[in-house]
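Before any comments, here is the structure.
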Amino acid sequence: MPSNARSTRLVIVESPAKAKTISGYLGPGYVVEASLGHVRDLPRNADDVPAKYKGESWARLGVDVDNGFAALYVVSPDRRQQISKLTKLAKEVDEVFLATDEDREGEAIAWHLVETLKPRVPVKRMVFHEITRQAIQAAVANPREIDRDLVDAQEARRILDRLYGYEVSPVLWRKVRSGLSAGRVQSVATRIVVERERQRMAFRTAEYWDILATLSVRNGGDGPRTFGATLIALNGDRIATGRDFEPTTGRVRPEAGVMHLDADGARGLAARLDGRPFTVTRVDEKPYRRRPYAPFITSTLQQEAARKLRFSSQQTMRTAQRLYENGYITYMRTDSVNLSETAIAAARRQIAELYGERNVPPEPRRYTGKVKNAQEAHEAIRPAGDNFRTPGEVANELSAEEFKLYELIWRRTIASQMTDAVGSSVSVRIRAVSSAGEEADFGATGKTITEPGFLRAYVESSDDENAEAEDAERRLPNLVKDQPLTADELAAQEHHTQPPSRYTEASLVKALEELGIGRPSTYASIMQTIQERGYVSKRGQALVPSLLAFAVVGLLERHYPRLVDYNFTAAMENELDEIAGGDHAAVDFLTAFYFGSGDGGDQSIARAGGLKKMVTENLSEIDARSVNSIPLFVDDEGRAVVARVGRYGPYLERHLPGAEPTPHAEGEDGGGHGDRATIPDGVAPDELTPEKVHELFLGGGGERKLGEHPETGEPIVLKSGRFGPYVSSGERTSSLLRTQSPETLTMADALKLLSLPRVVGTDPEGAEIVANNGRYGPYVKRGDDFRSLESEDQLFTVTLDQALALLAAPKTRQRRAAAPPLREMGPDPLTEKPLVIKDGRFGPYVTDGEVNASLRRGQTPEALTLEEASEMLAEKRAKGPSPRKKATKKAAAKKAAAGAEAGTTAAKKTTAKKATTAKKATAAKKTAAKKAPPKKAAPRKAAAGTGAAEDSA
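Number 360 in the working numbering belongs to position 197 of the sequence shown; there are no gaps in the numbering.
Here it is in C-alpha cells:
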C-alpha cells in the first residue's frame, strides 16, 4: 500500500508481467498495478445489459443508433474485482499515470479506465515503445493528455464491427446455419481463402516438355567444367513453359506464340541433337546488388516467423508480447519501419563489432513503409535499449520460443543497417543444329556473390517453396562468345503446370496488408477466428476452406457484395485513420454506414441506403438452398453434381437437368429423389474430383449396406473414407484389398475382409500365427516375426504348414535392385528432407525416407505438387504410429522433437555460428520434445450476439 507520508503515484498498465518489469525501474513512490487488459466493452449478450436498459430497442446492439451512436459499456464480470482494487488505490495516491500501450487500443483502455475509476486526482498519460529503465523514466518525465482522436477512432471501429456483426450474422443463422458469424475483416479474409480454392478447383493441369543439356567446357580453366542449360527456343520459336498455359483449360494461351513440345517431340529432338556441336552465341554479364530488408513490422514478423519457425500468427504475437513486457524488444504492434537514431547507432556499433567495419555502410539506412497511414506505433520491432543484446547474451533468460523469435528480430534489425550484397549475374545463350537442320537454343543463368554484406546476418524466406534463396549461388564456367561446348547428356524433361498454392497464415496476412485491410493488432485474432468458426482448417501450414465457408462467402458475394468488397473494406480503414487524425467525425462516419448517405461513392454502402436497409430489404430475396449449393461439374451421364451444406454436414447430390430435388423447408437439407453421398471429414473442396465423387457415391448415399453379420447380427456397411473405401461392422473395419473395387464387392468378400487378421494356427510351442494385410502388403506373423505373402488371396488360403515353412526360411528383404523413384520432388518445406515418389505394392506413394503417404484417388505422380506432398506427410506424422503399443506417446514425443529440430535447423541456416546460440538451440529442441502437441479444438459455435467480436483486438 502507498505511504501517506509522501507523494505517491499509481501507474496502471495492462498485464502483471508488464507491471512487474516497470515497477523495477520506478522508485518507492510508485505503485504499479495491472488492469488485466480491457476493463469495459459493449455487452456480450442480453445478460450483460443493465436492467434499466433492457427495454430499449437498441439494447441488443449495445449502441443507441438513434442518439449519436452512444455506446453502452459494461464492466466485464471478470474485471470487477480488479476495478474495485484500482478504485481504492486511486483514492490513496496523489496522481494516476496511465501506462497502457501506445496504439489506439491502448489509448482506448486508458480512456475506459478514467471513465470507470473516475479518479479525483490528476490523471496523466505516459507512453513508451520499449520497457527499459531509460524509456520508462523519460515517459514519467514527459506525460501527455489522453488523445481523444485516437479514442474516437478505436470506438468507431468497435461500434462499426458490432453493427456489422450483429446485423449480418443473423442472416447467416437463418440462411446457412445457426451460430455462424460475419465480420468486417473476418469475412473478407475468408473470401480471399475461398477464392484461391475456387482457382484450384477450376485448375486443369497441362503437360509440357523441354530438354536439359549437361554441357562441358573443352578447355580447362577457372570455375566448374560442366553446367546445365535448358532448351528455350527451336527455330526461333520460344518453347512453352508453365506460364504459357491457361489455368482453367490446360491449353496454350492463344496469344503466347510458343512451341508446345510433347514427350515424343522432346525425346526425338534430344536424339537428333546427340553428338552435335554446341556453341556459345551470347554472354551477358550484369552487376548484382541487393539492398537489405526493412526492419520488422507486425505483419512481416508474423510472415517470417511462420516461414522460418513454423509459428502461427497467434503464437508469434503471444511470444512477442512476452518479449516486449519483459524488456527484450520494442512494442510489437506496429506498421512503421522507422528506427530511432539511438537504435541505428546501436545496430551500426554491433555490426562493426561482430562483422567488421567494412559491413557498415557510410550512411545510416532509413526506410519508408509501404503501409498507407502507418500510425500504430512509431518505430519498427527491434531489440530494446540503446545497446542491443546478442542472442547469446540472453539465451539463458528466455524460453525456447522466446529465444528463436528474439534471434529472428535481432538478426533482421542488424541486417537492415548492413551493406548491400554485391556480385554479378550472367546469362548465356547456346545454339546447336540438329541432324535435321533445326536450330535449338539453350539458356543458362549464373549468379556469384562477391560480397555478401547483410546476407551474412539474415536471408528472408519465401512463400514459394521452389524459390531460390537470395544467398544461393549458381556458378558457371568462364564462357565467351563462339566458344565450343560438348553435350555430355541430353535429357528430355517432363513438367506439369501446378495449381496456385493455398494461403498460409503468413501469406494471408501479407495479402490483407497489401489490400490495406485490417491493422497490426487484428491479424493474429483474424487468423484464429476464421479457424475457430469452422471456415478454415489447417493442413500443415496451408489454410483449407470448408464448404461452409463457400456457402457464407457465396451468400455475401451475391446479396451483399459491398460488404466483402476489398476496395470498400480498405476505404473504411482509411476513414478510420482519418478519424484518428482528427480529420473526420466518428458520428458522421457511423451514420453514413448504418443509415446511408448520398455523399458516398457509387458502390458504397452509404449510397445503397446503409447497412440497416440493405440487410432488411434483401433478406427475403435470399434462397437458402441456392446459397448452400456449390456446383462442381456435370458427370459423364449428364448429371449435375453439387456439394451442399446441410444441417448435419456437407454432402453431395447429383441429378439430371430438370430433376432437382425440392427442399421441404427453407434451410433444410431437402428431400426428393436426388442421389446423395456424405462428404467425409477432411476432404478439401478441390479434392472433389469426378473420380473422388464417383468413389463417394458407391452404390448411393455414400455408403451401401451389404447385409448383416451372421455371427453378430450387426449391419455390414461399405463406406468411403478420405483414404479410400472400406467395410465396417460394429467396431470392426477393414480396407478393401488392392484387387477389389466398391462396385463389385459382395457380402462374401466383406465377411472375408472382416475376418482379418485370420488365425492360421499355432506352432509346436503354442505361439499363435496370424495372416493379415498391412501397409506393405499381405503377411503372416508369429510374435514379432513377419514374412510377406505372395498374393492377397493367400491371406485366406495359407495353411499352417505353409506359414511355418515361410517363417522357418530366412528373411528376404527383396532388394533385388532398388527401383528408381518415379519422381524426385525436392526438399520438404517443413523438414527439408528430400521428397520422392516411389511405386509401391499398392501404388505410388510419397516418402521422405522416414514417413510414407500413399497417393489418393485422383492424384498422379506427375501432377502431385510439393505443397500437397508436404501436407500429406505432415498429416501422417501428426497421426503418429498405430496404437498397438503403449509406447505411442513416447514415439510421438520423439517425432515432435524431430520436428523441433527441423524447425530450428531451418531457422538457423543463415545465422552466425556462435557457440552460445548453438547451445541455446539445443536447449530449445529438448524443451520442444518435452511439450505435448496441443489438441486441435473443434470449431465452436458463436453464441447469439457475438458476431462482431472477431474483428476487435
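Each residue gets a CB set at the ideal place from its N, CA and C atoms; glycine is no exception.
Cβ-based neighbour list, residue i, same chain, cut-off 7 Å, excluding 5 preceding and 5 following
i    : result
T667 : A469, D626, Q704, A705 and L706
D211 : V237
R638 : G386, P387, G609 and T611
Contacting residues, own chain, Cβ-Cβ under 6 Å from residue i (five flanking each side not counted)
i    : result
F551 : A509 and Q513
R574 : A620 and Y621
Identity of the residue in the options nearest residue i by Cα
i    : options                   : result
R354 : T404, V290, L675 and L998 : L675
A234 : E652, A749 and R545       : A749
P206 : G190, G200, P191 and R223 : R223
E657 : H423, G946, N398 and T411 : H423
A543 : S462, R521 and T582       : S462
T692 : Q349, V380 and L1018      : Q349
L900 : Q580, H857, F959 and T582 : F959
H541 : V202, Q477, F459 and L739 : F459
L908 : E894, V923 and V890       : V890
D799 : V856, Q646, L189 and D849 : V856
Cβ neighbours of residue i in the same chain (closer than 8 Å, five flanking residues each side left out)
i     : result
E1038 : R702, G703 and A1016
V176  : A182, I185, V195, E196, A197, S198, A262 and T263
L718  : V334, L335, K338, V339, I785 and V790
Whole-angstrom distance between residue j and residue i, CA atom to CA atom
i     : j    : result
L1036 : K776 : 50 Å
M988  : G940 : 25 Å
I768  : S892 : 56 Å
L378  : M735 : 58 Å
R721  : S332 : 16 Å
A655  : A803 : 41 Å
T404  : A369 : 10 Å
R172  : V259 : 6 Å
R912  : V846 : The sequence shown places Asp at residue 912, rather than the Arg named in the question. The straight-line gap from Cα to Cα measures roughly 27 Å.
R388  : P640 : 6 Å
A352  : N730 : 13 Å
R921  : V961 : 10 Å
G821  : L711 : 26 Å
D257  : E278 : 18 Å
R1047 : L967 : With a pLDDT of 45 at R1047, under the threshold of 50, the predicted position of this residue should be treated as unreliable, though the coordinate-derived value follows. Rounded to whole angstroms, R1047 to L967 spans 24 Å at the Cα level.
E293  : I793 : 50 Å
R401  : I395 : 6 Å
Q362  : Q661 : 11 Å
R296  : E488 : 13 Å
Cβ-Cβ distance between residue i and residue j below 9 Å
i    : j    : result
A806 : L819 : no
Y371 : G346 : no
T576 : R545 : yes
E602 : A376 : no
L952 : R986 : no
L436 : A650 : yes
T411 : A457 : no
D762 : A755 : yes
R521 : Q580 : no
A840 : L869 : no
I593 : T493 : no
D310 : E270 : yes
Residue i (DSSP reduced to helix, strand or coil)
i    : result
F756 : helix
Y698 : coil
Q656 : strand
L502 : coil
G821 : coil
G616 : helix
E448 : strand
S332 : helix
G405 : helix
K868 : strand
L173 : strand
V856 : helix
A180 : helix
Y193 : strand
A972 : coil
Interface flag, residue i vs chain E, CB-CB below 9 Å
i    : result
T613 : The structure shown has no chain E; it contains just one protein chain.
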